[in-house]
Amino acid sequence: MKALVYRQFGPPEVIKIEDVPTPEPKEGEILVRVHASTITAVDTFFRMGKPFSARLAAGLTKPKIHTQGTEFSGVVEKVGEGVTRFKVGDKVMGEPGPNFGAHAEYVVIGQDGVILHKPESLNFHEAAALPAGALTALPFLRDTGRLEAGQKLLVIGASGSVGSFGVQFGKYLGAEVTGVCSGRNVELVTSLGADHVVDYNLEDFTKNGLKYDVIFDAIGASSFGTCRGSLTSRGVYMSTTISFSILFNHLLTAKSSGQRGLISFTGLRAKEEKKKDLELIHALAEEGRIKPYIDKVFPMGDAVAAHAYVDKGRKRGNVVVSFV
Ligand SMILES: NC(=O)c1ccc[n+]([C@@H]2O[C@H](COP(=O)([O-])OP(=O)(O)OC[C@H]3O[C@@H](n4cnc5c(N)ncnc54)[C@H](OP(=O)(O)O)[C@@H]3O)[C@@H](O)[C@H]2O)c1
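Taking the working numbering, the leading residue of the sequence shown gets 607, the next gets one more, and so forth.
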């Protein structure tokens, strides 16, 4: 099969198309013909080996895993012995787990892994972009932030992948949602359901006097220190992005009854927890309450261009790579 492979950290050009052995599903496993996957910000950090924290997971001097890809949609091609939940021809979506590998024509996943039938309401491109961003935003808001109905939520980076799901889950959880984005994305963020939008080029939310119960920085553009004045007395600030400052503040404030600055590593959750959440996300997608926004779709042969586009940090929602 053909796969996107990288063997050294570097610019988009380190991504090559290679012929590699097609994996064989073992007992309890499923072989999926991948239709689509995404290039996420995490993929590009792992490809660059930057920031340095990415190397703790991707490999210190060179990549440990050569084919990336954290989410996929596709069709079941073959099943291993003992597989009862899926059959050949089923349309599916999911996350392959810690070995990644969705940037290829085929991926193997256990039937007990983070895999479900594709929602009928989404096409293959949309279904591929559903798991990762949604499985980040939902646990951040519901479990780390303990966001409650009627509370005020501010989402920074509301036009990105995690942030666009953050706005939608904020509404699902009953919050009054404000999205922070640039002017070109105001319409998009409003269409996702945000009650208010702050164009960060026109207004500094830290200076307008408004307070929020939860501030969710989906892209690491701010800090607990700069946002404290915009939090209520028991408000929670959360960042998806690791930094010395958020780790320090997490240790200092996690048990506090006052303002807290927290980080969470949602990607490291147990597959059982993720799968349960994906079932909820699937149901919300079928009801039309959650929808991934697709910015661009690149064919597999244009993966270098796709990485270069995501590298700019300006993608809107999700960037999809098609493998069919
Ligand atoms: N902790 C975890 O478990 C976990 C899990 C998954 C992902 N993550 C992290 O989550 C982060 C977000 O990933 P993502 O894929 O959602 O990012 P993304 O889609 O690449 O974010 C890009 C978006 O951010 C907007 N943006 C850029 N600067 C901004 C600013 N100063 N204020 C507001 N918006 C701004 C851009 O639009 P404009 O430039 O037009 O504003 C663009 O729409 C990554 O750093 C990733 O590592 C963490």
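Where is the CB? At the ideal position from N, CA and C, for every residue including glycine.
These numbers were taken from a predicted model, which means no experiment stands behind them.
* Less than 8 angstroms between the CB atoms is what I'm expecting for Gly-655 and Ala-664, so what's the real figure, rounded? => One-based indexing of the sequence shown puts residue 655 at position 49. One-based indexing of the sequence shown puts residue 664 at position 58. Rounded, the Cβ-Cβ distance is 6 angstroms, consistent with contact.
* Could you tell me how far apart the beta carbons of Gly-763 and Asp-823 are, in whole angstroms, since I believe they sit closer than 8 angstroms? => By 1-based counting over the sequence shown, the position of residue 763 is 157. By 1-based counting over the sequence shown, the position of residue 823 is 217. That pair is a contact at about 7 angstroms.
* Look at the alpha carbon of Gly-739 and the alpha carbon of Gly-719, and state the distance between them as a whole number of angstroms. => Translated into the one-based positions of the sequence shown, residue 739 becomes position 133. Translated into the one-based positions of the sequence shown, residue 719 becomes position 113. C-alpha separation (whole angstroms): 17 angstroms.
* To do: Let me know the beta strand (DSSP E) ranges lying completely inside the segment 761-792, each 3 residues or longer, listed in chain order.
  => Every unbroken stretch of the beta strand (DSSP E) spanning 3 or more residues and falling wholly within the segment 761-792 is given here in chain order: 782-787.
* Asked: Excluding the five sequence neighbours on either side, which residues of its own chain have a C-beta within less than 8 angstroms of the C-beta of Ile-636, listed in chain order?
  -> Numbered from its first residue, the sequence shown carries residue 636 at position 30. Around Ile-636: Val-682, Lys-684, Val-685, Gly-686, Val-689, Phe-692, Val-698, Val-714, Ile-715, Gly-716, Gln-717 and Ile-721.
* Using a threshold of 8 angstroms, is the CB atom of Arg-940 nearer than that to any non-hydrogen atom of ligand 1? -> Nothing can be reported for residue 940: it is not among the residues displayed for the chain, which extend from 607 to 930.
* Ala-909 and His-709 closer than 9 angstroms at C-beta -> The count along the sequence shown starts at 1 and reaches residue 909 at position 303. The count along the sequence shown starts at 1 and reaches residue 709 at position 103. Going by C-beta atoms, Ala-909 is nearer than 9 angstroms to His-709.
* Asked: Distance, Cα to Cα, Val-916 vs Gln-774?
  -> Within the sequence shown, residue 916 is the residue found at index 310, counting from 1. Within the sequence shown, residue 774 is the residue found at index 168, counting from 1. If I take the Cα positions, the gap works out to 22 angstroms.
* **Pairwise C-alpha distance: Lys-608 and Glu-633** => Position 27 of the sequence shown, counted from the start, is the residue given in the question as residue 633. Position 2 of the sequence shown, counted from the start, is the residue given in the question as residue 608. Approximately 24 angstroms, taken between the alpha carbons.
* Below 7 angstroms CB to CB, which residues in the same chain sit around Val-620 once its five sequence neighbours on both sides are set aside? => Locating residue 620 in the sequence shown gives position 14, counting from the first residue. Around Val-620: Tyr-612, Gln-614 and Arg-653.
* Please determine, among Phe-850, Asp-819 and Thr-846, the residue with the shortest C-alpha to C-alpha distance to Ser-836. => As a working note, residue 836 is residue 230 in the sequence shown. Measuring from the Cα of Ser-836, the nearest candidate turns out to be Asp-819.
* Asked: Should Ser-765 be counted as a contact of ligand 1 given a C-beta to heavy atom distance under 8 angstroms?
  -> What you label residue 765 is simply residue 159 of the sequence shown in a count that begins at 1. Checking the Cβ of Ser-765 against ligand 1 gives yes.
* Could you tell me whether the segment 883-890 touches the segment 735-753, where touching means 3 or more Cβ pairs closer than 8 angstroms? => Pairwise C-beta distances place the segment 883-890 in contact with the segment 735-753, as three or more of them are shorter than 8 angstroms.
* To do: State the beta-bridge partners of Lys-758 as determined by DSSP.
  => Residue 758 sits at position 152 when you count from the first residue of the sequence shown. Note: Lys-758 is bridge-paired with Glu-782 in the DSSP secondary-structure output.
* From Leu-794, Leu-753 and Val-792, residue whose alpha carbon lies closest to that of Glu-782 -> For the purposes of this step, residue 782 is taken as the residue at position 176 of the sequence shown. Comparing Cα-Cα distances from Glu-782 to each of Leu-794, Leu-753 and Val-792, the minimum goes to Leu-753.
* Cβ separation of Gly-789 and Asn-807, assumed to be a contact under 8 angstroms, to the nearest whole Å -> By one-based count along the sequence shown, residue 789 stands at place 183. By one-based count along the sequence shown, residue 807 stands at place 201. Gly-789 to Asn-807, Cβ: 6 angstroms. Contact.
* Do Ala-735 and Lys-724 have their C-beta atoms closer together than 9 angstroms? -> The residue given as residue 735 occupies position 129 in the sequence shown. The residue given as residue 724 occupies position 118 in the sequence shown. For Ala-735 and Lys-724, no; Cβs fall outside 9 angstroms.
* To do: Using a threshold of 9 angstroms, state whether the C-beta atoms of Gly-832 and Thr-812 are closer than that.
  => Position 226 of the sequence shown, counted from the first residue, corresponds to residue 832. Position 206 of the sequence shown, counted from the first residue, corresponds to residue 812. Note on residue identity: the sequence assigns Thr, not Gly, to residue 832. For Thr-832 and Thr-812, yes; Cβs fall inside 9 angstroms.
* DSSP state of Thr-872 mapped onto helix, strand, coil -> Looking up residue 872 in the sequence shown gives position 266. Helix, per DSSP.
* What are the partner residues of Ser-928, as DSSP defines its beta bridges? -> Translated into positions along the sequence shown, residue 928 becomes position 322. Ala-642 and Pro-905.
* To do: Could you check the C-alpha separation between Gly-695 and Leu-779 for me, to the nearest Å?
  => Within the sequence shown, residue 695 is the residue found at index 89, counting from 1. Within the sequence shown, residue 779 is the residue found at index 173, counting from 1. Their Cα atoms are separated by approximately 35 angstroms.
* To do: Can you tell me which of Ser-851, Phe-830 and Asn-705 puts its alpha carbon nearest to the alpha carbon of Pro-629?
  => Residue 629 sits at position 23 when you count from the first residue of the sequence shown. The residue with the shortest Cα to Cα distance from Pro-629 is Asn-705.
* **Extent of the continuous alpha helix (DSSP H) to which Gly-831 belongs** => Locating residue 831 in the sequence shown gives position 225, counting from the first residue. Segment 830-833, the alpha helix (DSSP H) holding Gly-831.
* Using three-state DSSP, classify Gly-680 as helix, strand or coil. => Taking the sequence shown and counting its residues from 1, one reaches residue 680 at position 74. Correct three-state label for Gly-680: strand.
* To do: In angstroms with no decimal places, state the Cα-to-Cα distance between Val-842 and Lys-880.
  => As a position in the sequence shown, residue 842 is number 236, starting the count at 1. As a position in the sequence shown, residue 880 is number 274, starting the count at 1. If you draw a straight line from the Cα of Val-842 to the Cα of Lys-880, it comes to about 23 angstroms.
* Asked: Just to check, is the beta-carbon of Cys-833 closer than 8 angstroms to a non-hydrogen atom of ligand 1?
  -> The residue labelled residue 833 in the question sits at position 227 within the sequence shown. It does not: the Cβ of Cys-833 is nowhere closer than 8 angstroms to a heavy atom of ligand 1.
* Asked: By Cβ distance below 7 angstroms, which residues in the same chain neighbour Thr-872 in space, the five residues on each side in sequence not counted?
  -> Position 266 of the sequence shown holds residue 872. Closer than 7 angstroms at Cβ, skipping near neighbours: Leu-741, Thr-742, Pro-745 and Phe-746.
* **Cβ neighbour criterion (16 or more within 10 Å) applied to Arg-840** => For the purposes of this step, residue 840 is identified with residue 234 of the sequence shown, where counting begins at 1. For Arg-840, the number of other beta carbons within 10 angstroms of its own is below 16, and it is reported as exposed.
* ligand 1 heavy atoms versus the CB of Phe-871: any closer than 8 angstroms? -> Within the sequence shown, the letter at position 265 stands for residue 871. Result yes, Cβ under 8 angstroms from ligand 1.
* Span of the alpha helix (DSSP H), counted from its first residue to its last, around Ala-734 -> Here residue 734 refers to the residue found at position 128 when the sequence shown is read from its first residue. In the DSSP assignment, Ala-734 falls within the alpha helix (DSSP H) that extends over 730-734.
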